[in-house]
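Quick note on our numbering: the sequence shown kicks off at 99 and runs consecutively. Even glycine gets a Cβ: it sits at the ideal position worked out from N, Cα and C. In this text, all values refer to a predicted model and were calculated from it rather than measured experimentally. Take a look at the structure below.
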Amino acid sequence: MSIPTIDHPTDRPNFTRIEIEGRTLWYSYRTLIAFNAYNGSGPVVRENVWGPTTGKHLNYVDGGDTEAKAARLNTEAFQQAVTEAGL
């Protein structure tokens, strides 16, 4: 088991990236907003249902272009992906 690393990629305490056991989790404030998939397909990202600050965090994770935003999952689909990922 490796020791998790925790950082604030934008140097703000409201956006946190945790790397543990080959997986990366991104949090906006205290809410999981994205995680990387083990299959290498890129991050699984939740759609923005909050506000502009979390929107900036989401854009940091996936780039925020039109294609990336279209691939974001709604609340139910994201929760299902989290469950399937064993988080």
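Let me know if residue i comes out buried or exposed under the rule of 16 or more other beta-carbons within 10 Å of its beta-carbon.
i      : result
Ala175 : exposed
Thr129 : exposed
Ser139 : exposed
Considering Cα atoms alone, identify which of the options is closest to residue i.
i      : options                        : result
Lys154 : Thr114, Glu182, Ser100         : Thr114
Thr122 : Asp109, Thr103, Thr108         : Thr103
Ile101 : Gly120, Ala168, Asn112, Val142 : Gly120
Please list, in chain order, all residues of the same chain as residue i whose beta carbon is under 7 Å from its beta carbon, the five residues on each side excluded.
i      : result
Glu145 : Arg170, Leu171, Asn172
His106 : Phe113, Thr114
Thr152 : Ser126, Ile131, Asn146
Leu185 : Phe133
For my contact list, residue i and residue j are in at a C-beta cut-off of 8 Å; report their separation, rounded to the angstrom.
i      : j      : result
Ile131 : Leu156 : 6 Å
Trp124 : Val180 : Rounded, the Cβ-Cβ distance is 12 Å, inconsistent with contact.
In whole angstroms, what is the alpha-carbon distance linking residue i and residue j?
i      : j      : result
Val142 : Ser126 : 14 Å
Ala168 : Gln177 : 17 Å
Asp163 : Thr108 : 19 Å
To which residues of the same chain is residue i closer than 8 Å at the C-beta, ignoring the five residues directly before and after it?
i      : result
Thr136 : Per the sequence presented here, residue 136 reads as Tyr, with Thr not at that position. Taken in chain order, the residues that qualify are Gly120, Arg121, Ala183.
Met99  : Glu119
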